[in-house]
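Worksheet for the structure shown next.
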Amino acid sequence: RPRAELEQVESVCPYCGVGCALTYNVDRERGAISFAEGRDQPGSQGRLCVKGRYGWDYAASPQRLTVPLIRREKSYPKGALSADVRGEGNGKRRKDDRPGKDRGRKPGGLVDYDEVLPHFREATWDEALDLVARRLREIHTAGGPGAIAGFGSAKCSNEEAYLFQKLIRTGFGTNNVDHCTRLCHASSVAALFEGVGSGAVSTTYGDVANADVVIITGSNPTANHPVASSFFKQARRRGTKIIYIDPRASTVAEHADIFVQLKPGTDVAFYNGVMHEIVRLGLIDREFIANRTSNYDELARTLADYPPERAAQITGVDADTIREVARTWGEAGAAVVYWGMGISQHTTGTDNARCLIALCTITGNVGRPGTGLHPLRGQNNVQGASDAGLIPMFYPDYQGVDADATRERFERAWGTALDPKRGLTVTEIVKSVLEPGGVRGMYMLGENPFLSDPNTTKVRKALSALEFLVVQDIFLTETAEFADVILPASSYLEKDGTYTNTDRRVQRGRKVLDPPGQARADWVIVQDIARRIGLDWRYESPSEVFDEMVALMPSYANLRWDNLGPSGKLYPNADPEHSDGTVVMFDERFNTDDGLAHLVPAEWLPPKELPDAEYPLVLNTGRLLEHWHTGSMTRRSYALDAISPVAEVYLHPKDAAERGLAHGQRVRVRSRRGEIELLVRISHREQLGNCFIPFHFREAAANLLTIDEIDPYGKIPEFKFCAVQVEAL
Ligand code: SF4
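The sequence shown: position 413 = 639 (the UniProt record's numbering), numbered continuously.
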C-alpha cells in the first residue's frame, strides 16, 4: 500500500540503549506493520540500524504466548527439556528450521514448543493469577520476606519497572528485586555513584561532536550501538581524534587514530600507566583537582607505581603507545570517554570504571561540552529501569533503601512499612536459591537468566530448586521451561509507555497493535497480582504511573506524560516546554554530598581464572549486530535470523591453524563448567590466544562456559574472561 494509506505511529526502537526514534507504518486493514522508518530526534537524527529497521516482525510470530499456562502435576522434572543446551544437537539446525521454511513452530535453536507445551495446560487469567498470588503468599508466610525475589526487565517501560519494584517491596516486604543491569553496567554505576554521585551519563554521545579527543573502550559500538557509532565516525571526519582501546580489533579500530589492542583483563594497569604519564608530563588540571575533587594525593601515590614500562608488561601494549595515549588525551582541550561491557563485565569492573573517572577528572574533562563520562547502556530501557528503582539497593532515582529518612519518605508515599536492608542482586539471588533458608519463590518478568546468566549449569540447578516460579513473557523462553505458571505478556508494540535511553532521554513509545489472543500489558498483569495479594492499586493508565514516579524522582522533575513531545526530553530538565534538557552535567558541582568528585585509586588484579595447559585460550563473550541478548526476539525476526543464523566461535588464524581447524569446521569448546559445539569463524579481529562467542544461541549457549565469579562492588559477573579449550570434533 502507498504510505498515504498507512497509519503512522511513533515509537522507540526496542533494542539498544541508543533508543532511536522510529515511526511504524501500519496497515490497519491487515492489522500489521508494513515498514519502519527513522524519525528525527536529536539522538538519532532519523537513522536506524538493521535491528530497528527490520527487527520488529517477531511480535507477529505464531510462537507468541496467547493464553496463561499452568504446569501439569506429575510432569517432567523442571529443566529436563533443556537437555539440548547441554550438548546434544548443539548448533545443529533442523532441516525445516530455516526462516521462511517453517516460521511457525520450530525456528532454529529455540525452545521446542511441541516438546514443552504438553507439560502445561491452558488456564483462565483468574485461575492463573489466583494461583500465583496464593503460592507467593504461602512461601512468603512460611519463609519470610527473604524467601521471595523478583527479576524485572529492561525491555519493559519505566512505568512497568516502577510498578514491579513497588510490588516486590510493598507486597512482599523485601528489596530482593533486580534486573539485567546486574549483568551489564552495575559496576559502572557503582563507580559513578561513588565518584560523581550519579549513575547516569555526564554527557550524551552526540556531544562527541564537541570533543577534540574521544576514548572508546571495552565496546564494539558498530555492532552494539550502531547509531551512536555513526556519531563517533562523523565526529572523526570533522577532526575529533578517536583512541580505541579494546582486546578485539572491532570495526571501530579501522576508524581510530590510535588503536590499542591490550590483553583482556588489564584495563586498570593500562589506565594507571596512562595517568602516571599524564602526571609526569604535568598535563593534569591542577585547578580542577584542587577545587572539584578529593583524594588526589592517594591516587597519585598509586599511580607512581605504574610507569608505562610496568603497564606495558601487564597489558602487552608497548610503553611508547601508552605514552602517546597519555599525551594525546592530556593535551586535548576537550576529551570524553565512552565505554562498554569490556570495562564493566569483569571482577574488576568497578575498578576499571574508577580509573576512567579518575582519567577524566584529573585532566578537568568533565562538566564542559565535549567532555565527560558515558557508559553506553545495553538494553533500550536499562537506564530507565534502573532510574525507576528496579535495583535492590535503591528506591526510584537511586535513593538508598538503607537511609532512614529516605525510607520513611517512601513509606509515607506508598503507605506501608518497608524493608530497611538492601536486597539481593540477580547474581546473589541465583546463589541464594541453592542455600538453606534462601529464596524459594520467584516472579520473573521478561528475563531469561537460563541463557543470560553465567555458569548455566548452576542457573539450571537454581531454577529447578525453586518451590514456585512464575514467568511473564511474550515467548516460551528457556527460563519459562522451568516455570509453574506462565503469563502471556505484551511486546513494546502493544502498549503505551516511556523509555529512557543511554543519554538520559525519556521518550514515549505508543501502542501500535493489539496484543495477540489473551496476552495483556505487563503493567496490567503486575497490578492484577498486586490486587490479589491485598494491595489497593487502582492505576487506570501508564500516564498515572508516570505522574506518581516523577513525584518521587527529583531527577525527573518537571517531566510530564504530555510534555515529552515527539523527541522525548533529556533529564534533568528545568523547562521541558521550551528545552530539550541538560546535555552536560556537573558544570558547577558533582552530585556527591560535598559536591566533589571522589578519586578512588585501583590496583591491578588478574582475572579469576587464567589460561593453563588444559584450557589455554581466553574466552570473551558478547553480542552481534543482528542479534539481541538471548535471541528470543531477533532469532524470531526473519531478516535478522537470515543474516546471522548460526553460532560461531571467533578464532585468531594462528590459533585455528595450531589446532588444524578450518573456517566453518565444527568444533567443541570446553571450560571447567561445560562444553558446547559450534562452527569456527577465522577472524583477524581476535588476539592470539583469545576467542569470542556471542551468547545469543541456545544450541551453543556461551554461558555454559562462563565463570560466575563477581565484582565485589557492582556484583557483576566476569563474562569477559574465562579459560577454555577449542578442539576439533
Ligand atoms: Fe535500535 Fe540501537 Fe539500532 Fe538504534 S542503534 S535502531 S536503538 S538497535
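Glycine residues also receive a C-beta, built at the ideal position from the N, C-alpha and C atoms.
(message) the ligand SF4 and K834: does any heavy atom of the ligand fall closer than 7 angstroms to the residue's C-beta?
(response) no
(message) Nearer than 7 angstroms: is that true of the beta carbon of F284 relative to any heavy atom of the ligand SF4?
(response) For the sequence presented, residue 284 should be read as Tyr rather than Phe. False, no ligand heavy atom lies under 7 angstroms from that Cβ.
(message) Please report the straight-line C-alpha distance between I655 and F945, rounded to a whole angstrom.
(response) So the two alpha carbons sit approximately 18 angstroms from each other.
(request) Would you tell me roughly how many angstroms separate the C-alpha atoms of V342 and E707, rounded to the nearest one? (result) 7 angstroms
(request) Tell me, please, which residues DSSP counts as bridged to F485. (result) Y470
(message) Given this structure, state the Cα-to-Cα distance separating C581 from P768, to the nearest angstrom.
(response) 40 angstroms
(request) Return helix, strand or coil for K332, following the three-state DSSP convention. (result) Its pLDDT being 41, under 50, K332 is placed unreliably in this model, and the value from its coordinates should be taken loosely. Three-state DSSP puts K332 in coil, outside helix and strand.
(request) Please work out which residues of its chain come closer than 6 angstroms, Cβ to Cβ, to A949, disregarding the five sequence neighbours upstream and downstream, and give them in chain order. (result) E835, P837, Y841
(request) Kindly confirm or deny that the region 915-925 and the region 839-857 touch, where touching means at least three C-beta pairs closer than 8 angstroms. (result) With the cut-off at 8 angstroms, the region 915-925 and the region 839-857 touch.
(message) Alpha carbons only, please: which of P943, R861, P675 is nearest the one belonging to A282?
(response) Ala is not the amino acid found at residue 282; the sequence shown has Trp there. For the residues P943, R861, P675, the minimum Cα distance to W282 belongs to R861.
(message) Could you check whether the region 391-398 touches the region 368-379, counting it as contact only if at least three pairs of C-beta atoms, one from each stretch, sit closer than 8 angstroms?
(response) yes
(request) Measuring alpha carbon to alpha carbon, tell me which of A230, G743, V276, T932 ends up nearest E681. (result) The amino acid occupying residue 681 in the given sequence is Asn; Glu does not appear at that position. Ranking A230, G743, V276, T932 by Cα distance to N681 puts T932 first.
(request) From the DSSP output, read off the bridge partner residues of P943. (result) I936
(request) Report back the beta-carbon spacing between V439 and T589 to the nearest angstrom; my notes put them in contact at under 8 angstroms. (result) The pair is not a contact, with the Cβ atoms about 10 angstroms apart (cut-off 8 angstroms).
(request) With hydrogens ignored, establish whether the beta-carbon of N607 is closer than 7 angstroms to any heavy atom of the ligand SF4. (result) No; taking the cut-off as 7 angstroms, the Cβ of N607 has no heavy atom of the ligand SF4 nearer than that.
(message) Just to confirm before moving on: does the CB-CB distance between residue 957 and V238 stay below 8 angstroms?
(response) Nothing about residue 957 can be read from this structure; the chain reaches only from 227 to 955.
(request) Could you give the DSSP three-state label for I655: helix, strand or coil? (result) helix
(message) Beta-carbon within less than 8 angstroms of D773's beta-carbon, same chain only, minus the 5 sequence neighbours each way: which residues are those?
(response) Taking D773 as the centre and dropping the five residues before and after it, the same chain places the C-beta of R786, W787 closer than 8 angstroms to its C-beta, in chain order.
(message) In chain order, what are the residue ranges of uninterrupted beta strand (DSSP E) at least 3 long that sit wholly in the UniProt domain "4Fe-4S Mo/W bis-MGD-type" (232-289)?
(response) 233-238, 247-253, 258-264
(request) Label N517 either buried or exposed according to how many other C-beta atoms from any shown protein chain fall within 10 Å of its C-beta, with 16 as the threshold for buried. (result) exposed
(request) Put S520 into one of helix, strand or coil per three-state DSSP. (result) strand
(message) At a cut-off of 7 angstroms, would you count H451 as near the ligand SF4, judging by its Cβ distance to the nearest heavy atom?
(response) yes
(message) Using the three-state DSSP reduction, which class does C581 fall into: helix, strand or coil?
(response) Assigned with DSSP and collapsed to three states, C581 falls in helix.
(message) Any heavy atom of the ligand SF4 inside 7 angstroms of the beta-carbon of V244?
(response) yes
(request) Using a threshold of 8 angstroms, state whether the C-beta atoms of D628 and K657 are closer than that. (result) Against a cut-off of 8 angstroms, the Cβ pair of K657 and D628 comes out as no contact.
(request) Starting from W555, trace the alpha helix (DSSP H) both ways and give me its first and last residue. (result) 545-556
(message) Tell me which residues share the same chain as T632 and place their Cβ nearer than 8 angstroms to its Cβ, disregarding the 5 neighbours each side in the sequence.
(response) Excluding residues within five positions, the ones whose Cβ falls inside 8 angstroms are Y621, Q625, G626.
(request) Just tell me which of G735, I908, E720 has its CA closest to the CA of N384. (result) G735
(message) At the level of alpha carbons, what is the spacing between P452 and C275?
(response) The alpha-carbon atoms of P452 and C275 are separated by roughly 6 angstroms.
(request) With Q609 as the anchor, note down where its alpha helix (DSSP H) starts and where it stops. (result) 608-613
(request) Using a threshold of 8 angstroms, state whether the C-beta atoms of L850 and S870 are closer than that. (result) yes
(request) Tell me, to the nearest whole angstrom, how far the beta carbon of T434 is from that of S455; I am working on the premise that it is less than 8 angstroms. (result) In the sequence as presented, Thr is not what sits at residue 434; that position holds Val. Actually they are not in contact, since the Cβ atoms of V434 and S455 sit about 10 angstroms apart, beyond 8 angstroms.
(request) Go ahead and pull the three-state DSSP assignment for D773. (result) helix
(message) Are the CB atoms of L488 and F496 within a distance shorter than 8 angstroms?
(response) Yes, the Cβ-Cβ distance between F496 and L488 is below 8 angstroms.
(request) For the region 255-273 and the region 686-706, state whether three or more C-beta atom pairs, one from each stretch, are separated by less than 8 angstroms. (result) no
(message) Quick check on G915: does DSSP put it in helix, strand or coil?
(response) coil
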